[in-house]
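A.B. asks:
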Amino acid sequence: MKHFLTTDTLSREELDGLLDLSDEFVEVLSRPIPKVPALRGRTVAMLFFEPSTRTRMSFERAAKALSADTMSFSPGTSSLSKGESLKDTALTIKAMGAEALVVRHKATGAPWRIADWTGLPVLNGGDGAHQHPTQALLDALTIRRHFGTLGGLRIAIVGDIRHSRVARSDISAFSTLGAEVTLVGPSTLLPVDLTGWPVVTAEGIDEVLDRDVVYLLRIQTERGGASVLPSLPEYVSRFGMTRERFARMPDHAVVMHPGPMNRGVEIAPEVADHERSLVESQVANGIAVRMAVLFRLLGGEVADA
Amino acid sequence: MRELVLQRGIVLGPGGPAAADVLIREGRVVEVGGHLRAEKVIDCDGMLVGPGFVDLHVHLREPGQEWKEDIESGSRAAAAGGFTAVVAMANTEPATDAGHLARYIQERGREVGLVEVIPAGAITLGRNGEHLAHLDELWKAGVRLFSDDGNTVQDAGLLRHAMEYISDLGGTVAQHAEDPGLTRNAHMHEGAVSSRLGMQGIPSLAEETIVARDLALAELTGVRYHVQHVSTAGTVELVRTAKRRGLPVTAEATPHHLALDHTEIEQMDSAYKMYPPLRSAQDVAAVAEALRDGTIDAVATDHAPHAAAEKDVPFEEAPRGVIGLETAAAVVQTFVAPDPVTLFERMSLAPATIAGLGEHGRWLEPGVPANIVVFAPDVRWTPRRFVSRSGNSPFLGRTLTGRVMATVHNGDVTYRSE
Ligand SMILES: [Zn+2]
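The listed protein sequences derive, respectively, from chains A and B. Be aware that the first sequence starts at 54, since it is given in our numbering, and climbs by one per residue. Be aware that the second sequence starts at 491, since it is given in our numbering, and climbs by one per residue.
1) May I have a chain-ordered list of the beta strand (DSSP E) segments no shorter than 3 residues that lie completely inside the stretch 739–822 of chain B?
2) Which of the residues in the stretch 182–205 of chain A, read from start to end, lie with their CB under 7 Å from any CB of chain B?
3) Quick check: the Cα distance between Asp638/B and His590/B, rounded to an integer number of angstroms?
4) Just to confirm my understanding: we take Leu526/B, look at its own chain, exclude 5 residues before and 5 after, and list those with CB closer than 8 Å. What are they?
5) Is it buried or exposed, Arg109/A, if we count other Cβ atoms within 10 angstroms and call 16 or more buried?
6) Can you pull the chain B residues whose beta carbon is under 8 Å from the beta carbon of Arg271/A, in chain order?
7) For a contact defined as C-beta to C-beta under 9 Å, what are the partners of Val803/B on chain A?
8) Beta carbon of Tyr765/B: closer than 7 Å to some heavy atom of ligand 1?
9) List the endpoints of the continuous beta strand (DSSP E) containing Ser657/B.
10) In the stretch 668–689 of chain B, which residues sit with their C-beta less than 8 Å from some C-beta in chain A, listed in chain order?
11) By the criterion of Cβ-Cβ separation under 9 Å, what are the contact partners of Ala799/B in chain A?
12) So, does the CB of Phe57/A fall closer than 8 Å to a CB anywhere in chain B?
13) Who's in the neighbourhood of ligand 1, going by beta-carbon under 5 Å from any heavy atom, listed in chain order?
14) Would Met837/B count as contacting chain C if we go by Cβ distances under 8 Å?
15) How long is the line joining the alpha carbons of Val894/B and Arg518/B, rounded to whole angstroms?
16) Below 8 Å on the Cβ atoms is my contact criterion, and I expect Leu648/B with Gly671/B to pass it. Report the Cβ-Cβ distance as a whole number of Å.
17) Roughly how many whole angstroms lie between the Cα atoms of Ile224/A and Thr614/B?
18) If contacts are defined as beta-carbon pairs under 8 Å, then Val577/B and Ile608/B qualify, I think. What distance do you get, rounded to the angstrom?
19) Identify which residue in Ser878/B, Gln644/B, Val803/B, Val501/B has its Cα closest to the Cα of Cys534/B.
20) Taking a contact to mean a Cβ-Cβ separation below 8 Å, would you say Phe292/A touches Ile258/A in this structure?
21) Rounded to the nearest angstrom, what separates Leu71/A and Ala676/B at their Cα positions?
22) With a threshold of 8 Å between beta carbons, is Glu807/B in contact with chain A?
23) Using a Cβ-Cβ distance cut-off of 8 Å, determine whether Arg764/B contacts chain A.
24) So what's Leu890/B in DSSP terms, helix, strand or just coil?
25) Output, in sequence order along the chain, the residues in the stretch 601–624 of chain B whose CB is closer than 8 Å to any CB in chain A.
26) Closest to Met837/B by CA distance: which of Pro541/B, Glu529/B, Arg515/B is it?
27) From this set, Thr662/B, Glu583/B, Arg566/B, which residue's C-alpha is nearest Leu625/B's C-alpha?
28) Sorry if obvious, but does the Cβ on Arg264/A come closer than 7 Å to a heavy atom of ligand 3?
29) Any idea if Thr817/B is buried or exposed, counting beta-carbon neighbours within 10 angstroms, 16 or more meaning buried?
30) Mind checking the stretch 741–763 of chain B against chain A and listing, in chain order, the residues whose C-beta falls within less than 7 Å of any C-beta there?
31) For a contact meaning CB atoms closer than 8 Å, what does Gly691/B contact in chain A?
32) Within the 8 Å Cβ cut-off, does Gly312/A reach chain B?
33) Spatial neighbours of His919/B within its chain, please: CB distance less than 7 Å, with the 5 preceding and 5 following residues excluded, ordered by chain position.
34) Look at the Cβ atom of Glu849/B, then the Cβ atom of His547/B, and state whether they are nearer than 8 Å.
35) Check whether the stretch 329–336 of chain A and the stretch 300–313 of chain A touch, using three or more Cβ-Cβ pairs below 8 Å as the test.
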């Protein structure tokens, strides 16, 4: 594995291998000193051209748990705002000694370009509305640790799928791992053309309350503004995971959310904090899967099948 | 004496293609026949010798953005593509919205002397869509085609007045059809590929709603109306229907819309970013069919040069536009493969008529101006570099069939392939 850019091209074996490795790092993280020397002396640079404290902290924590050094770049204080190109920035960071790059950018495909320019291993930390593959890996790990497998599970993804890189990455990973995926959302928030997608669709959230997992996406009210949703209360009535709806789900079923949550919109506060909400495990597992990917890209072949 | 013989070619004359020599003297064709002699000779064995190509739609970037291209480098690229005349769009800086600006472009083209450069005039001041440009002045400066290209004239009331006014002058209104309400934040065709990539898409309707509206306004005002860079099957149908009803409507298609579809964007390479965007395979087939049957009158390159560094960015951040002058005929030959008469009708005769250029686009016979291209329809080649100052071409490194071997403008050889 040279880069980690998308879940679209990963095989079931590759995904399972990464999840197995992640399980080992979950164990590492539970130790009194949650740290291994695997990447001592190696340098990972965080290139977050789009602000995201959560994802960035998770990657930094993962790098440090592997004893790697980290460098950080944020556009607010950088020369990028002085007109330096993305390419120059990437090459400068390479020249400073970075050996792997974690890239988040608002433009689809930016991590691919940076991989071409620098030749360094690149981890996609989210590009546009395209891919967020470590999020998919942490979601899959969370589900696998809870249910033992994704094979045969029925998973519904609810909300703004059109603008969601999480959904695109999750759909590929979940279906490759054997789950059946149903998409739920208003037409304004579904992709325009689902040709070739391994999914079925449903009209409203009430149709998917019998699923094993209901995955709620953040409603990004800044996207498309008033022309995609008449109002948030209307959204809640058709697509919100309210307390009443949660009560109609089977006893073994769980809810998930990539965060940050709009409590009271896509998810009711009581549901978010319920023991059958996996939101906290998702966050914790995020560090382990990022360790696994960094280890795979920088550390070598130890865990390769 | 300026004399030249194009020897042993297949000459496209008023009676159709025929093997012959062409004798050119002092900028005119003086004889078409056998065994003609002159000091200077170009061997055209097996090649088509026909009227030089005319491009209705180029961006020469001068004045204002000369680092991308200027009238000289653009003229050189045009000559290398077999063109003897080009219509320069008005989205210069400043926009070509007044007489002196149109005259500057024309004069600069004449100084360079490689192709005839005819400016298009803006329809509105500064191409802002708010106030009519200096249409009289532009007309007097030689402008025959008016377009805000790059922008759509959105305000239907303003466009109606522009059409009435330009109709009085005798000019043609050309529209870059794209409804901005349907293209916000969008960078590629709306469909399966945009959905997968998570990019906002430009629906086909963004073009078709504007063309439908404009056709109604053109009928109301009686103006000659020209659809620029047709990209969808729906637009083709609208133009076909309008023509059947006898409206004075013409249309152009670019080589890239005749050859490539939106699946190219899978690689997220900004060399494939242009507006209108590359559409579906069905759209490409419909546009190509329309070029064959004449619903689309002309090939126009929409030659849009950008500097390498400007395009070497993520797809969504790249400027729109690709170059096209040097590969146009080859791409048409490779992907549409028209017969020679059709090729020259679409690339020379029809565009010369639409542009109002009497010195170009005439079948070769004694007396016509010597604006000529020598084109070898079967020669295979691979573009590796360009004469244009820019290299933003989706055809770089692709093997094409058909090559411009020589270009003659006003009797002078302006290009020869090595
Ligand atoms: Zn245009």
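No residue lacks a Cβ here, since even glycine has one placed at the ideal position from N, Cα and C.
C.D. replies: Working from what's here:
1) 739–743
2) Ala182, His183
3) Take the alpha-carbon of Asp638/B and the one of His590/B: they are about 17 Å apart.
4) Val495, Gln497, Asp511, Val512, Leu513
5) buried
6) The premise fails here: Arg271/A is roughly 15 Å from chain B at the closest Cβ pair, so nothing lies under 8 Å.
7) Ser138, Leu139, Lys140, Ala160, Ala163, Arg166
8) Here the distance from the Cβ of Tyr765/B to the nearest heavy atom of ligand 1 is below 7 Å.
9) Segment 646–659 is the alpha helix (DSSP H) holding Ser657/B; no beta strand (DSSP E) there.
10) Cβ proximity to chain A below 8 Å picks out Glu680, Gly681, Ala682, Ser684, Ser685, Arg686, Leu687, Gly688, Met689 from the stretch 668–689 of chain B.
11) Ser138, Lys140
12) Against chain B, the CB of Phe57/A has no partner CB under 8 Å away; the residue lies outside that interface.
13) Result (chain order): Asp639/B, His666/B.
14) This model lacks chain C altogether; the protein chains it does include are A and B.
15) Each residue's Cα considered, the two are about 21 Å apart.
16) The Cβ separation is near 17 Å, so there is no contact.
17) 48 Å
18) Their Cβ separation, rounded to whole angstroms, is 5 Å, which keeps Val577/B and Ile608/B in contact under 8 Å.
19) Nearest in C-alpha terms to Cys534/B, of all of Ser878/B, Gln644/B, Val803/B, Val501/B, is Val501/B.
20) yes
21) 35 Å
22) So yes, Glu807/B belongs to the interface.
23) Per the sequence shown, residue 764/B should be read as Met rather than Arg. Met764/B does not count as touching chain A.
24) Assigned with DSSP and collapsed to three states, Leu890/B falls in strand.
25) none
26) Measuring from the Cα of Met837/B, the nearest candidate turns out to be Pro541/B.
27) Thr662/B
28) This structure does not include ligand 3; its bound ligands are ligand 1.
29) By the neighbour-count definition (other C-beta atoms within 10 Å, threshold 16), Thr817/B is a buried residue.
30) Met758
31) The contacting residues are Val245.
32) no
33) Here chain B covers residues 491 to 908 and nothing more, so residue 919/B does not appear.
34) no
35) The stretch 300–313 of chain A and the stretch 329–336 of chain A touch, with three or more beta-carbon pairs separated by less than 8 Å.
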